[in-house]
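Number of protein chains: 2
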Amino acid sequence: MSSLSLSSFSFEDIPTAEVDAAEELYGGLADDLRDLLDVTIRTRVDESQVARARELVRQAADLLAADAPPEPAGIHFNADGRSWNWGNAVVGVRNAVAPPVRLEWQEDGSVRAALTLGAAYEGPPGSVHGGVSAMILDHLMGETASAAHTRVTVTGTLTLRYVQPLPLGPVRMEARIAREDARKVMVTGWIAADGPDSSPAVEASGLFIIPRWAAEPDAPSGVGSLD
Amino acid sequence: MSSLSLSSFSFEDIPTAEVDAAEELYGGLADDLRDLLDVTIRTRVDESQVARARELVRQAADLLAADAPPEPAGIHFNADGRSWNWGNAVVGVRNAVAPPVRLEWQEDGSVRAALTLGAAYEGPPGSVHGGVSAMILDHLMGETASAAHTRVTVTGTLTLRYVQPLPLGPVRMEARIAREDARKVMVTGWIAADGPDSSPAVEASGLFIIPRWAAEPDAPSGVGSLD
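Just so you know, the protein sequences line up as chains A and B, in that order. Residue numbering for the first sequence follows this note's numbering, starting at 1 and increasing by one per position. Residue numbering for the second sequence follows this note's numbering, starting at 228 and increasing by one per position.
As structure tokens, then:
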């Protein structure tokens, strides 16, 4: 089995301005890919057009593969406490699988997000896949447990209650710490359609754990939830 | 709120051979996109190369957008009972967000899948995102509840227990019906690294419900779980 430890995080001696520039450069490419991915689901162009599109996609992949280490993106941090996990399946800005979710930290410790889930997140016809709601709630709740990245947490258990279908389109979500007991943090969360009258489509509660190794005095700051 | 009903499914008067051909055509494009998506996370080519790649990606998107209705993919079925949900976030072969998971129906009613989760499914460094495990388990368990697509089910509740990290790479998963009571189906499932000594990384149990409307006599066959 694999295991996680403080060495799972990579310290990088890179100024924050350089990190921000790289994020914008490669993030822009991933944004274009999200558009391509969406239209790939919906298109009905003919075989010859699909063949041309495949040729363009393969050319792009060859260009990018000319210098691409095989490792996944990982989690990195610099001396300023800036951290980046660009490959993350939920928040990774270089990962077109991720919507990506952008976290809004509130002063009371709760965390919100507002995002649009399009055709690529479908489950029931016209609705968000129940597993997608589970995935992004797990992440938002883990980040909430990390108390604004002041500690590292991992998911222990997660329970989801599906109340009603969630239409594809704009959604909002929120999570907050319900209670804490030593290394155990209980978090609740929900996701709903974004609208004045909408009520939660999925409600969740989870137990998040601060691993023993994360309590070591040289634990990196700015890393947050290990989702 | 949106709601689901039998009209959520579209009957299409298309021969199965044509459905299969379309699946292969557009599925091939999505496979190429999965490769592009993966290398987009890992690449470190310079700004000019990224600009060239973006140009190619946008050209491909423009080609495909020339004839693309705005609706998500939905769930369709034909007179043979062949069904297709190509945009599904877990199993959709035209959706590059989906790995996609391919279901292996067992004679005893359990359902298995084996797949490789690469850089696009990362959470903790080198590990599968806990939310990704939740997402694909939800789907596999819902399909299991549908008893080989002989009935429609929706997720009621889902509980996940995270036992150990799941390394990126080949994984296997399995789900089975634990018990049934009228319209309630209890399903258990797990996901593990694919290897001789591996034990589950995430264990799940879920309550799946057969909606009242799905018990109508004209319910379409071959549609299965509404995940």
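In this text, a Cβ means the ideal position worked out from N, Cα and C, and glycines have one as well. Predicted model only: the values in this text are computed from it and were never measured.
Asked: Nearest neighbour of A/Asn88, chosen from B/Ser354, B/Asn305, B/Arg279 [CA to CA]; Found: B/Ser354
Asked: Unbroken beta strand (DSSP E) run spanning B/Glu298, endpoints; Found: Run containing B/Glu298: none; DSSP gives neither H nor E here.
Asked: Complete beta strand (DSSP E) runs within the stretch 22 to 91 of chain A (minimum length 3 residues, chain order); Found: 75 to 77
Asked: DSSP three-state assignment for B/Glu401, whether helix, strand or coil; Found: strand
Asked: Where the stretch 18 to 42 of chain A meets chain B: residues whose CB sits under 8 Å from a CB there; Found: Leu25, Tyr26, Gly28, Leu29, Ala30, Asp32, Leu33, Asp35, Leu36, Leu37, Val39, Thr40, Ile41, Arg42
Asked: Given 8 Å, three or more beta-carbon pairs between the stretch 142 to 151 of chain A and the stretch 171 to 186 of chain A; Found: yes
Asked: Contact set between A/Glu12 and chain B, taken where Cβ atoms lie within less than 7 Å; Found: Simply none; closest approach about 13 Å.
Asked: Test: A/Gly109 CB closer than 7 Å to a CB of chain B; Found: no
Asked: Element boundaries [beta strand (DSSP E), containing A/Ala113]; Found: 111 to 117
Asked: CB-CB length for A/Val202 against A/Ile191, believed under 8 Å; Found: 5 Å
Asked: Neighbour-count burial assignment, B/Glu274, 16 or more Cβ in a 10 Å radius; Found: exposed
Asked: Inter-residue spacing [alpha-carbon to alpha-carbon] between B/Arg439 and B/Gly383; Found: 14 Å
Asked: Continuous alpha helix (DSSP H) stretch holding A/Leu140: start and end; Found: 130 to 145
Asked: Expected contact under 8 Å - CB spacing of B/Ala288 and A/Leu29 to nearest Å; Found: Their Cβ separation, rounded to whole angstroms, is 12 Å, which puts B/Ala288 and A/Leu29 out of contact at 8 Å.
Asked: Outcome for B/Gly336 when other beta-carbon atoms lying within 10 angstroms are tallied against a minimum of 16; Found: exposed
Asked: Contact the stretch 343 to 352 of chain B vs the stretch 156 to 165 of chain A: 3+ CB pairs below 8 Å; Found: no
Asked: Segment limits, beta strand (DSSP E) that includes A/Trp190; Found: 184 to 193
Asked: Through-space distance from B/Gly308 to B/Glu239, alpha-carbon basis; Found: 10 Å
Asked: Start and end residues, beta strand (DSSP E) containing B/Gly389; Found: The residue asked about is misnamed: residue 389 of chain B is Tyr in this sequence, not Gly. Here the beta strand (DSSP E) through B/Tyr389 covers 381 to 389.
Asked: A/Asn85 beta carbon less than 7 Å from that of B/Ala347; Found: no
Asked: For B/Asp247, three-class secondary structure by DSSP; Found: helix
Asked: Given B/Arg388 as reference, the closest of B/Arg329, B/Val318, B/Ser360 once Cα atoms are compared; Found: B/Ser360
Asked: Run of the beta strand (DSSP E) containing B/Ala441, from where it starts to where it stops; Found: Premise fails: B/Ala441 is in no beta strand (DSSP E) and is neither H nor E.
Asked: Buried/exposed call for B/Ala278, threshold 16 Cβ in 10 Å; Found: exposed
Asked: Proximal chain B residues relative to A/Met135, where beta-carbon distance stays under 8 Å; Found: His356, Gly358, Val359, Ala361, Met362
Asked: Cβ-Cβ distance between A/Val101 and A/Leu115 below 7 Å; Found: yes
Asked: C-alpha gap between B/Met362 and B/Val320, whole angstroms; Found: 16 Å
Asked: Neighbour flag for A/Pro200 against chain B, beta carbons, 7 Å; Found: no
Asked: Cβ neighbour criterion (16 or more within 10 Å) applied to A/Ala79; Found: exposed
Asked: DSSP state of A/Ala98 mapped onto helix, strand, coil; Found: coil
Asked: Residues that B/Phe236 contacts on chain A, provided the C-beta gap is smaller than 9 Å; Found: Pro125
Asked: Given B/Ser425 as reference, the closest of B/Gly358, B/Gly254, B/Pro394, B/Ala293 once Cα atoms are compared; Found: B/Pro394
Asked: Alpha carbon of A/Leu56 to alpha carbon of B/Gln286, nearest angstrom; Found: 7 Å
Asked: Bridge partner(s) assigned by DSSP for B/Val429; Found: B/Tyr389, B/Ile418
Asked: Span of the beta strand (DSSP E) around A/Ser10; Found: 9 to 11
Asked: Below-7 Å beta-carbon distance, A/Ala68 vs any chain B residue; Found: yes
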